[in-house]
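Notes follow once the structure below has been shown.
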Amino acid sequence: MAYVRPVSTTTWYLKDRNYFIHMVNELTSFFVGAFALILLWGIGAVAGGPEAYQSFLASLTGPGMRLFLWVTTIVIFYHAIAWFKVTPKAMPVQKGEEFVPGSLIAGGHYVVWVVLTLIVLFLAGVL
Amino acid sequence: MNEIKLELDILRYDPEKDREPHFQSYSVACQEDWMVLDAINHVKDHVDTTISYRWSCHMAVCGSCGMMIDGKPKLACKAPVKDYANQKVRVEPLANFPIERDLVVVQDDFMEKLKRVKPYIIRKEEKPIEEGEYKQTPAELKKYKQFTLCINCLCCYAACPEYALTPEFIGPAALALAHRYNQDSRDQGLAERHKVISTPEGVWDCSFTDTCSLACPKHVDPASALQQLKIATTTQWYKELIGMGGN
Amino acid sequence: MAKVNKALFWSLFAAGGTLTAFLFPVLALIVLIAANGTPPEIMGFEQMKGLLGNWLGKLVAFGIVSLALWHAAHRLRTALHGLGLRADKLVSLVGYGIALLGTLLSAYYLLQI
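Protein chains in written order, with our numbering: chain A, 43 to 169; chain S, 24 to 270; chain X, 8 to 120.
Shown next as structure tokens:
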């Protein structure tokens, strides 16, 4: 009788560094989703009128909310970096015979990201 | 030449005698340029002839000697003993496969999945002999060449957590090979393979941990093939939705 | 996992992942600044009303909120399976349900602005 080794469905990702990092990456999507809901809340507040909107802004400043936003912001930055890192694997670009190096594709994404960020910060009046 | 002392803890399992696998220790005095396979061969030849394992070419092209060496799927012929000098090394059969005996795993599941993805040129219309051979530019060849290098060693399956958790998953090597044929300019079988690849146990069970590519001894990068397959499969799905799926 | 074809959900996940990778960091920064007491100029009510009143602003806001939710729903579906939860139908229903609700709500709000 061939022997089938049992696998833990709940702790397998603790057994290997790459598995663990993968699980962390997957769980960053929780904060991405949470932030989207915060944006949705804000959009709803704008639709609700000036008082509703001021109330929304005030809610952002609560200590619990502020802490959550700090964590969310850091995680979202991590998500972006991890996402661009693996993008070349999904879209190899062949120029003639050779493939464009993955680092160039990822690098291109990072550049666009930085430029976009600076533009938005400028438009927002932060810069 | 210097000698390296290796302490091998090899998994033993005799299906006719054992209820469970157990480990057996062997101390081997290795030459410093040996691979772990050489140490295991030494054990078989001089210490314990009952030990069972697969190996053949000893040069990382046949794919026979895949096993877990210190918890990592590797080709035993490509694992230098130098990396494990003066430490205990666990040697186990490839993870995620049933153990046949000692270091030998049952590969039937993979063999079936390999067939399932139709890893051969599929033509809608055969080209008559009079029209001559299929011609392919270097660029067209380069497009899929990397994915032809798979030696079916199954290290990627041993590394894949989705295959561990969901045994129905067709898996990295088989899917990467399907992609190899999809990318071949001579092939017209994408729509045909799509039927298999687009199932839940096809490419969609892949969660892109990239551990298959990290384990691959031939640098095939199956993870890349699978992500490309996801895009191709999605495109084909949308195409079929609007009646343009003929490929 | 599930029997429903995943191509649709995966394409939403991929689009959402890419869009949020490009735009969420700076948006999170702006919201964080607002949370620390001094909202940037753009977050004034009239500016927001102008931005989201514009068709392009509506489109971008709708796209980014909606796709981010579909991205999170799909990725968390996989993650929860990875954590050992075997309730894919329920997880899908709740996750994609929230994404759908968010999609509809954002359209509803944006059409009012």
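The beta carbon of each residue, even a glycine, is placed where N, CA and C say it ideally should be.
Small disclaimer: the values here were computed from a predicted structure and weren't measured.
(message) Under DSSP, the alpha helix (DSSP H) around A162 of chain S begins and ends at which residues?
(response) 161–168 is the extent of the alpha helix (DSSP H) around A162 of chain S.
(request) Measure the alpha-carbon distance for Q159 of chain S versus R139 of chain S and round it to whole angstroms. (result) 26 Å
(request) Check A9 of chain X in the structure and name its three-state DSSP category. (result) Here the model assigns A9 of chain X a pLDDT of 48, short of 50, so the residue's position is not dependable and the matter cannot be decided.
(request) Quick one: using the 10 Å Cβ neighbour count with 16 as the cut-off for buried, is C176 of chain S buried or exposed? (result) buried
(message) Tell me which residues of the segment 128–161 of chain S have at least one Cβ-Cβ distance to chain A shorter than 7 Å, keeping chain order.
(response) V129, P161
(request) Within the same chain, show all residues whose beta-carbon is closer than 6 Å to that of L74 of chain X, passing over the 5 residues directly before and after it, in chain order. (result) A22, G23, L26
(message) Taking 7 Å as the threshold (C-beta atoms), are P190 of chain S and T232 of chain S in contact?
(response) no
(request) Please report the residue range of the beta strand (DSSP E) in which V51 of chain S lies. (result) Segment 45–54, the beta strand (DSSP E) holding V51 of chain S.
(message) Rounded to the nearest angstrom, what separates L29 of chain S and P245 of chain S at their Cα positions?
(response) 33 Å
(request) For V152 of chain A, count neighbouring Cβ atoms within 10 angstroms of its own Cβ and tell me buried if that reaches 16, exposed if not. (result) Reading the sequence as shown, one finds Tyr at residue 152 of chain A and not Val. Classification of Y152 of chain A: exposed, given that the 10 Å Cβ count is below 16.
(request) Please confirm if Y45 of chain A has its CB atom under 7 Å from at least one CB of chain S. (result) yes
(message) Counting only Cβ pairs nearer than 9 Å, list the residues of chain A close to S99 of chain X.
(response) Going along chain A, no residue has its Cβ under 9 Å from S99 of chain X, so there is no contact; the nearest lies around 14 Å.
(message) Once the 5 residues before and after Y95 of chain A are set aside, which same chain residues still bring their CB inside 7 Å of it?
(response) A87, V88
(message) If you reduce the DSSP assignment to three classes, tell me which class E185 of chain S lands in.
(response) Three-state result, E185 of chain S: helix.
(request) Output yes or no for whether 7 Å exceeds the beta carbon distance between A181 of chain S and L117 of chain S. (result) yes
(request) Give the single residue among S:E55, S:I63, S:L164 whose Cα lies nearest to the Cα of D125 of chain S. (result) Measuring from the Cα of D125 of chain S, the nearest candidate turns out to be S:I63.
(message) In this structure, how does DSSP classify G104 of chain A when only helix, strand and coil are distinguished?
(response) coil
(request) Tell me whether P195 of chain S is buried or exposed, calling it buried when 16 or more other Cβ atoms sit within 10 Å of its Cβ. (result) Its Cβ being crowded by 16 or more others within 10 Å, P195 of chain S is buried.
(message) Please report the straight-line C-alpha distance between K166 of chain S and Y157 of chain S, rounded to a whole angstrom.
(response) If you take the alpha carbons of K166 of chain S and Y157 of chain S, they lie about 16 Å apart.
(message) I want to verify the contact list: residues of chain S whose CB lies under 8 Å from the CB of G89 of chain X, in sequence order.
(response) Ordered by position in chain S, the residues that pass the 8 Å Cβ test against G89 of chain X are P184, L188, S230.
(request) Go through its chain and collect everything with a Cβ distance to F16 of chain X's Cβ below 6 Å, but skip five positions before and after it. (result) The residues H81, in chain order, have a CB closer than 6 Å to that of F16 of chain X in the same chain once the five nearest residues on each side in sequence are set aside.
(request) Verify the CB distance criterion: does L83 of chain X have a CB-CB separation below 7 Å to chain A? (result) yes
(request) Under the assumption that A42 of chain X contacts T103 of chain A (Cβ atoms under 8 Å), give the Cβ distance between them as a whole number of angstroms. (result) Sure, about 6 Å apart at Cβ, within 8 Å.
(request) For F77 of chain A, collect the residues of the same chain with a Cβ closer than 8 Å to its Cβ; drop the 5 residues on either side in sequence, then sort them by chain order. (result) Result list for F77 of chain A: T114, I118, in chain order.
(message) For a minimum of 4 consecutive residues, which ranges assigned as the alpha helix (DSSP H) are wholly contained in the segment 86–143 of chain S?
(response) 131–139
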